[in-house]
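Report on one structure; see the data block that follows.
In this note's numbering, the protein residues as written are 342 to 523.
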């Protein structure tokens, strides 16, 4: 999409994961000229326990084109499957609109609907320990869908990792950063 929109959610997720002691690596496909080559390079050097893919928008919201990004997400899931045995979890605001259908369509292992700052570290710990993730807030599979984590009183304070995403490049390319208001 042009202008590019910086994926602010990744800064929050990286901050939450790091705050719980989880080592994170980020590959931002929004800035990659060749996403498949970028993924191949990334997985050549990294062996993650869990791979997360986010979907900010399900489509381009432009009537004349009606471009869907869900097919691209499915292609990315297939590429990742060919490069690592790690489970794949989906998330993001676009994903959360119809999460179970997207998990089914893409073939991902899991999804997290709603905010992932608590759920993603919880899912990671389950995967790492070989435990069932069935109680992870917001967890979506092809069979089940848990209620999302809800911080109704605003007590959850997650540090952001402002260096996780190359925000400077997004701004230089005319993009902007989103503001979470919900």
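We put the beta carbon where it would ideally sit given N, CA and C, even for glycine. The model shown is predicted, which means the values in this text are computed figures rather than measured ones.
For the candidate residues 360, 361, 384 and 375, whose alpha-carbon lies nearest to that of residue 367?
-> 384
Could you please give me the residues that DSSP links to residue 506 through a beta bridge?
-> In DSSP, residue 506 forms no bridge with anything.
DSSP three-state call for residue 444: helix, strand or coil?
-> helix
Would you call the stretch 368–383 and the stretch 399–411 in contact, with 3 or more CB pairs under 8 Å?
-> no
For the alpha helix (DSSP H) containing residue 468, list its first residue and its last residue.
-> 460–470
What residue from 364, 432 and 392 has the CA that sits closest to residue 348's CA?
-> 432
By Cβ distance, which residues of its chain are closer than 7 Å to residue 418, with the 5 residues on each side in sequence left out?
-> 394, 429, 447, 448 and 449
Cβ separation of residue 379 and residue 499, assumed to be a contact under 8 Å, to the nearest whole Å | Contact flag wrong, Cβ pair sits at about 27 Å.
What is the rounded straight-line gap between the Cα of residue 486 and the Cα of residue 458?
-> 17 Å
Verify whether the separation of the beta carbon atoms of residue 461 and residue 358 is less than 8 Å.
-> yes
Give the single residue among 396, 427 and 401 whose Cα lies nearest to the Cα of residue 415.
-> 396
Enumerated in chain order, which unbroken segments of the alpha helix (DSSP H) with a length of 4 residues or greater are wholly contained in the stretch 359–406?
-> 376–386
Cβ pair residue 438, residue 452 closer than 8 Å | no
Unbroken beta strand (DSSP E) run spanning residue 430, endpoints | 429–432
Based on Cα-Cα distance, which residue from 505, 471 and 463 lies nearest to residue 479?
-> 463
Is residue 473 helix, strand or coil when you go by DSSP?
-> coil
Determine, using beta carbons only, whether residue 454 and residue 481 come nearer to each other than 8 Å.
-> yes
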